[in-house]
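Here's the structure, in structure tokens; my notes come after.
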Amino acid sequence: MEREEMINKLRGTDYLDLRLIYAEYKQGIMEYDEEIVEMLRYHPMLCLEFEVRTDLEFIPAKWHHICHLPAGIKSFDKLITLDLSFNLLSSLPEEFLGLKSLEQLGLEENNFSEIPPVLSKLSKLRFINLMSNKISLISDRIEMFKDNLESLFLSNNLITTVSESISELKNLKKLWLNGNPLSEQEKDKIEDLLPHTEIHF
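Structure follows, in structure tokens:
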């Protein structure tokens, strides 16, 4: 497949699955374009810099060894669901603020040491999955999510302490904290702070 055909394929899809695109190259179904292949192999999210449709609502990008996101991510202002689980991310760029429609974000199995502060500025974000990262505490910054966050997955991290500011999350319906080294005293405190939240220890 020629470069222009490849770009047209990306531009014409509503469901951009980078894994399938790379798989087609890898299996030799498409004619090789070495530059595109290298981009897909080593930094699949760079394809967001191509002239693809920016009105996509869902982008799955698991298992791609992504360590940082390109500036082009900001163009996807219609994106509702983004799954970046099982990558190598440790931070999110300011360009992430361009995802004004984002409601669900998957960041499971990355290298985050805190809940990325930039996420608190996304007013429609309701669901965050940060399971199996390197988060050791829930800081006072958590109150910045008070207006929108409904589900927060933090299982299998290193959390020992949760700020009392978490009580500001009046809309939080479900919180997963299982697999963290929380003391019984800390668990009791969290339950007292979030009496109307379904909590999983």
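Position 160 of the sequence shown, counting from 1, maps to 1160 under my numbering, and the rest follow consecutively.
Idealized CB from N, CA, C, for every residue including glycine.
The structure displayed is predicted, hence computed values, not measured ones.
The closest CA to that of R1141, considering only L1154, N1110, P1117 and I1159, is found on P1117.
Going by beta carbons, K1173 and E1191 fall outside the 8 Å limit.
DSSP lists no bridge partner for Q1185.
For the pair S1136 and N1110, the CB atoms are not nearer than the 8 Å cut-off. The C-beta of H1200 has fewer than 16 other C-beta atoms within 10 Å across all chains shown, which makes the residue exposed.
With respect to the 8 Å criterion, L1175 and T1197 are classified as neighbours on the basis of their beta carbons. The three-state secondary structure of L1056, taken from DSSP, is coil. Check the Cα spacing between E1103 and each of I1138, L1169, I1115 and R1126: the tightest is with R1126. For I1135, the secondary structure class from DSSP, reduced to helix, strand or coil, is coil. Burial state of L1088 is exposed, judged by a 10 Å Cβ sphere holding fewer than 16 other Cβ atoms. In chain order, L1088 place their CB closer than 6 Å to the CB of C1067, counting only its own chain and leaving out the 5 sequence neighbours on each side. In this structure, the beta-carbon distance from G1098 to D1083 does not fall below 8 Å. If the five residues before and after I1159 are omitted, its C-beta is found closer than 7 Å to the C-beta atoms of I1135, S1136, L1137, I1138, L1177, N1180 and L1182, all from its own chain and listed in chain order.
The beta carbon of F1145 is closer than 7 Å to those of S1120 and L1169 in its chain, skipping five residues each way along the sequence.
By the neighbour-count definition (other C-beta atoms within 10 Å, threshold 16), S1075 is a buried residue. With respect to S1101, M1131 sits apart: the two C-beta atoms are not nearer than 8 Å. E1198 carries a strand assignment under DSSP once its states are collapsed to helix, strand and coil. When the beta-carbon positions are compared, I1128 and F1153 come within less than 8 Å of each other. In this structure A1071 is exposed. Its beta-carbon is surrounded by fewer than 16 other beta-carbon atoms within 10 angstroms. Taking 3 residues as the minimum length, the beta strand (DSSP E) runs contained wholly in the stretch 1088-1125 are 1104-1106, in order along the chain.
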